[in-house]
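Visitor: Count along the sequence shown from 1, add 45, and you get the number used in our numbering. Take this structure first; my questions come after.
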Amino acid sequence: MAADPAKSKYFSANKLPSKTKGKSGKEPPNKRTCSELSDTSMEELNLILSDLDEIKIAMKNTVTKSDLTDVVKSIVKEMLDQYKKDTEDRFESVEKDYKERCGKLEDKIDGLCLEVEHLREVLAQRDAAIRNLTASLDGVTRIAESAHQKSNYNEQYSRKNNIKIYGMTESRDEDTTSAVCKILKDCAKVDLTKDEILAAHRLPSKVEGATRPVILKVKNSDIKSRIMKQRSTVKYPQTRGYDSPMM
Numbered sequence: 046m047a048a049d050p051a052k053s054k055y056f057s058a059n060k061l062p063s064k065t066k067g068k069s070g071k072e073p074p075n076k077r078t079c080s081e082l083s084d085t086s087m088e089e090l091n092l093i094l095s096d097l098d099e100i101k102i103a104m105k106n107t108v109t110k111s112d113l114t115d116v117v118k119s120i121v122k123e124m125l126d127q128y129k130k131d132t133e134d135r136f137e138s139v140e141k142d143y144k145e146r147c148g149k150l151e152d153k154i155d156g157l158c159l160e161v162e163h164l165r166e167v168l169a170q171r172d173a174a175i176r177n178l179t180a181s182l183d184g185v186t187r188i189a190e191s192a193h194q195k196s197n198y199n200e201q202y203s204r205k206n207n208i209k210i211y212g213m214t215e216s217r218d219e220d221t222t223s224a225v226c227k228i229l230k231d232c233a234k235v236d237l238t239k240d241e242i243l244a245a246h247r248l249p250s251k252v253e254g255a256t257r258p259v260i261l262k263v264k265n266s267d268i269k270s271r272i273m274k275q276r277s278t279v280k281y282p283q284t285r286g287y288d289s290p291m292m
């Protein structure tokens with residue numbers, strides 16, 4: 046069959062237009078083979094795996110919720126530990142101060158106890174001394190009472206032989222004993238010697254300017270009785286003698 050000259054003009058065996066030819070007229074590159082495609086896929090896979098490893102490493106350095114929880118727990122634990130330590134230190138300080146103060150108070154208490162014990166001993170000694178003084182005072186009181194009774198008895202006994210004479214004229218520089226003997230002889234008719242008289246003297250007068258009475262003390266009651274029996278026969282009106290219970 047004869048070839049069509051028109052067709053031959055546009056389509057030759059050697060110059061057939063490529064279906065994949067671009068508008069620029071350049072031919073596209075040759076297609077890759079299956080082996081080349083397989084190698085490329087492996088490279089991409091390796092790149093992806095490498096990227097994943099890098100992401101994984103980066104993720105390790107990324108703070109997560111769990112990490113935050115651990116950090117918070119760690120901080121809280123550290124704060125609690127520090128607070129516990131501070132509290133323990135404070136308690137130790139307070140306890141040390143308390144023990145020191147208690148020690149000082151115990152020392153003071155011991156000192157006070159010793160002082161109280163010493164004071165008790167002193168008081169016991171004073172009580173004993175007071176008891177002794179009281180006993181001595183009781184003895185002295187008894188002695189004084191006895192002496193007072195004896196004194197009263199002696200006074201009464203000494204007054205037993207006393208005679209008071211009132212109204213006896215008083216003269217300057219008089220001899221009271223001689224004057225008494227004379228007045229008794231003249232007025233009472235009683236002869237009385239000086240040997241029978243123990244004492245004779247004037248007593249103070251209660252009335253200013255009045256004649257002072259005379260107190261006469263004789264040796265015994267017989268002499269006094271002899272004088273007192275003649276009392277009623279006294280002729281001297283200004284003179285009277287009588288038994289006086291007081292000196």
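Beta carbons are placed, not taken as given, at the ideal position from N, Cα and C, and that holds for glycine. Source: prediction; values computed, not measured.
Would Asp-267 count as contacting chain D if we go by Cβ distances under 9 Å?
Guide: The chain inventory of the structure shown lacks chain D, comprising one protein chain alone.
Visitor: Could you give the C-beta distance for Thr-214 and Ala-245, rounded to a whole number, given that I count them as a contact under 8 Å?
Guide: That belief does not hold up - the Cβ atoms of Thr-214 and Ala-245 are roughly 15 Å apart, past 8 Å.
Visitor: DSSP three-state label for Ala-245, please.
Guide: Three-state result, Ala-245: strand.
Visitor: Within the chosen definition, does the segment 253-262 reach the segment 195-213 through at least 3 CB pairs nearer than 8 Å?
Guide: Because the criterion of three Cβ pairs below 8 Å is met, the segment 253-262 and the segment 195-213 touch.
Visitor: In the structure shown, what three-state DSSP assignment does Lys-239 receive?
Guide: Looking at Lys-239 - three-state DSSP - the assignment turns out to be helix.
Visitor: I'd like the span of the alpha helix (DSSP H) that includes Thr-114, first residue to last.
Guide: Its alpha helix (DSSP H) spans residues 110-204.
Visitor: Between the segment 160-172 and the segment 224-236, do three or more beta carbon pairs fall short of 8 Å?
Guide: Short answer: they don't touch.
Visitor: For Ser-250, which of helix, strand or coil comes out of DSSP?
Guide: Of the three classes helix, strand and coil, the one that applies to Ser-250 here is coil, per DSSP.
Visitor: Give the secondary structure of Glu-219 by DSSP, where H, G and I count as helix, E and B as strand, and everything else as coil.
Guide: Note: Glu-219 maps to coil in three-state DSSP.
Visitor: Compare the C-alpha of Cys-232 against each of Cys-158, Arg-165, Lys-239 and Gly-212 and name the closest.
Guide: Of Cys-158, Arg-165, Lys-239 and Gly-212, the residue nearest in Cα terms is Gly-212.
Visitor: What is the DSSP secondary structure of Lys-227, counted as helix, strand or coil?
Guide: Looking at Lys-227 - three-state DSSP - the assignment turns out to be helix.
Visitor: Using C-beta distances below 7 Å, list every residue in its chain close to Lys-239, excluding the 5 sequence neighbours before and after it, in chain order.
Guide: The residues are Thr-222 and Cys-226.
Visitor: Express the C-alpha separation of His-163 and Lys-149 in angstroms, rounding to a whole number.
Guide: In a straight line, the C-alpha of Lys-149 is about 21 Å away from that of His-163.
Visitor: Pick helix, strand or coil for Asn-265, following the three-state DSSP scheme.
Guide: Three-state DSSP puts Asn-265 in coil, outside helix and strand.
Visitor: Is it buried or exposed for Leu-237, if we count other Cβ within 10 angstroms and need 16 for buried?
Guide: Buried, by the Cβ-count rule.
Visitor: Quick check: the Cα distance between Val-161 and Ser-191, rounded to an integer number of angstroms?
Guide: Whole-angstrom Cα-Cα distance: 44 Å.
Visitor: So, Leu-248 versus Arg-257, is the Cβ gap smaller than 9 Å?
Guide: Their beta carbons are under 9 Å apart, which means Leu-248 touches Arg-257 by this criterion.
Visitor: Among the residues of its own chain, which have a CB less than 6 Å from the CB of Glu-145, if the five just before and after it don't count?
Guide: Nothing meets the Cβ criterion.
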